[in-house]
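Using numbering that gives the first Met the number 0, the first residue of the sequence shown is number 0, and each one after it goes up by one.
Backbone N, C-alpha and C define an ideal beta-carbon position, used for all residues, glycine too.
Quick caveat: nothing in here was measured; it's all calculated off a predicted structure.
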Amino acid sequence: MRDIIMGFFVALAAFINGWTGISILPLYIVPMAQEVSRIAVSSATTTPTAATFDSEVSPPKIRSSESKKQTRKEATPTLPLPSLIAPIAPLPPLPAPVGNHASATALNATASSSPAPAPVAPPKPVLPPLDLDAIFSSVVKIECPSEDRKGKYVGSGFVLSDSQTSGISIVTVAHLLMVSGTDSCTVIFPKDRAPSRYFTGAIREDRALIRKRHDEEGIDIAIITLPPLAEYPEAKEVFPDAYPAVPYPICTDPDMIGDVLYHFGYPSNFLNQSYLSKSDGKAVAYADIKGIETVLSQDQTSSYKSPIFSYVTDTFNLHPYMASQVATFYGDSGGLAFNATKQCILGPQRGGTIGGGAGENISIFPLLGWPPTRPLLP
């Protein structure tokens, strides 16, 4: 009888399958023993306590994991800076350097009635080895929020000086700070050339004033400050004695054409702006500001003000800008341009390269030693 009943149900299922097209599958019931076993394993799991975390994970490791978590999120997109949306006008052919000290001596000899001996260049001073570690520790990454707080502008900067009473001054470019949505930006010091130590810096001047000076005078320099260590416990914990600062003076000798230059910054073309790079090249010309023009962005959605440059190779006077044969990229804006030959600070990089298609890779940046910019410095 049991076989007859089972046969009836099998025949009925086959009939329904063929009639409706719906497959009837047998239900699989989990044996009670397996379910109990699974619950027993779950209940045996130990719930971690605060004491467990204290003993296994030190505070620095917790901060490190939080930092990595924030990096993975990348919730805030990086926005292009206005001055880099369109390229700068190409650098025209330059004459050989004129007006240097050797040619001036030769010119005076020609004008004299009596013959004079051939000019002898003064001996170059012997400088100690360059302290690259001190420079690397002083070049920072800067992040400023956009007006709508939905993005951020990213650049670089460098610590010009450290004062126990007034804090430190970080030099960067005006075109980074003038688009910030707030009066403060994040300043990130490197460790082993990777940005990892975060602090909050204050934009020293009113952003409207920074924009006005940039748009009307072509001066692309601005300052961020950090308070003295005595007033900033978080910074003092990292830097017990003093903030890192570039231990070299500002360049004041105008005879720099041909000198070896180093550019430091956090470029977008390398490790997602997470590594402090050093690029080598040389000074090829100075640039004067002939005027200001309105430049249409490359995508033709906005416009901004930019200096009109006139290039010269005179080396009797410092000029507002220098042209160097060093490639720079987005993210380098505000980073340190340094004269390695004379071991002195030139100014903040402006970011972006012109003439790359012709293999020139020329970048243009403002000079801190130009007299009209000196009042902006501490």
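Alpha carbon to alpha carbon, what distance is there between residue j and residue i?
| i | j | result |
| --- | --- | --- |
| V56 | E146 | Reliability of the predicted coordinates at V56 is poor, the pLDDT of 32 falling under 50, and the value obtained from them is presented with this limitation in mind. Whole-angstrom Cα-Cα distance: 38 angstroms. |
| A193 | G333 | 17 angstroms |
| R212 | A221 | 10 angstroms |
| A201 | A229 | 17 angstroms |
| T171 | K235 | 23 angstroms |
| R210 | L176 | 9 angstroms |
| L131 | A322 | 23 angstroms |
| P239 | T300 | 47 angstroms |
| K123 | K341 | 9 angstroms |
| G257 | P365 | 17 angstroms |
| S136 | V178 | 26 angstroms |
| A360 | F337 | Residue identity differs from the one stated: residue 360 is Asn in this sequence, not Ala. Their backbone Cα atoms lie some 17 angstroms apart in a straight line. |
| P370 | Y274 | 33 angstroms |
| Y231 | P121 | 48 angstroms |
Would residue i and residue j be called neighbours here (beta carbons separated by less than 8 angstroms)?
| i | j | result |
| --- | --- | --- |
| S302 | V294 | yes |
| P347 | S160 | no |
| L335 | I167 | no |
| C343 | Y261 | no |
| I362 | A339 | Reading off the sequence, residue 362 comes out as Ser, not Ile. No, these two residues do not count as a Cβ contact at 8 angstroms. |
| R148 | D182 | no |
| L208 | G154 | no |
| F198 | L225 | yes |
Which same chain residues, not among the five before or five after residue i, have their C-beta less than 7 angstroms away from its C-beta?
| i | result |
| --- | --- |
| S267 | F328, Y329 and G330 |
| I249 | C343, I344, L367 and G368 |
| R196 | I187, F188, K190 and V237 |
| K78 | Note on identity: in this sequence residue 78 is Leu, with Lys being the wrong assignment. If we look at L78 and ignore the five residues flanking it on each side, its Cβ neighbours are S145, G150, K151 and Y152. |
For residue i, I'd like the list of residues in its chain whose CB is within less than 6 angstroms of its CB, leaving aside the five on either flank, ordered along the chain.
| i | result |
| --- | --- |
| G290 | I307 |
| T251 | G368 |
| F263 | V138, K277, G334 and L335 |
| P144 | K151, G180 and T181 |
| G280 | L260, S323, Q324 and V325 |
| L375 | I220 |
| Y320 | A286, I363 and P365 |
| L126 | Q342 |
Sort the options by Cα distance to residue i and report the nearest one.
| i | options | result |
| --- | --- | --- |
| P76 | P319, Q272 and L367 | Q272 |
| L367 | L126, F269, D219 and I202 | D219 |
| E216 | I256, S305, P121 and R373 | S305 |
| A173 | R349, Y265, P370 and T199 | R349 |
| N316 | E292, F198, F337 and D254 | D254 |
| A241 | V158, P371, V178 and P128 | V158 |
| T372 | Y265, N360 and H318 | H318 |
| P243 | G156, P128 and Y274 | G156 |
| D214 | Y265, E292, L129 and P370 | E292 |
| V245 | L129, Y231 and P370 | L129 |
Please return the same chain residues whose Cβ sits closer than 8 angstroms to the Cβ of residue i, not counting the five positions on each side in sequence.
| i | result |
| --- | --- |
| P227 | S162, Q163, T164, S165 and G166 |
| K67 | Unreliable positioning characterises K67 in this predicted model, as indicated by a pLDDT of 38, which lies under 50. The coordinate reading is nonetheless provided below. Contacts found: none. |
| E233 | F198 |
| I169 | V139, I141, G156, F157, V158, L159, V186, G200, I222, I223, T224 and L225 |
| R203 | S168, A221, I222, I223 and T224 |
Compare the C-beta of residue i against all C-beta atoms of chain B and say whether one is closer than 8 angstroms.
| i | result |
| --- | --- |
| Y310 | Structure shown: chain B not included; a single protein chain is present. |
Cβ pair count under 8 angstroms reaching 3, the segment 179 to 187 against the segment 137 to 151: Touching, yes, given that three or more Cβ pairs across the two stretches are closer than 8 angstroms.
Three-pair Cβ contact test at 8 angstroms for the segment 280 to 289 versus the segment 311 to 320: The count of Cβ pairs closer than 8 angstroms, one atom from the segment 280 to 289 and one from the segment 311 to 320, reaches three, so the stretches are in contact.
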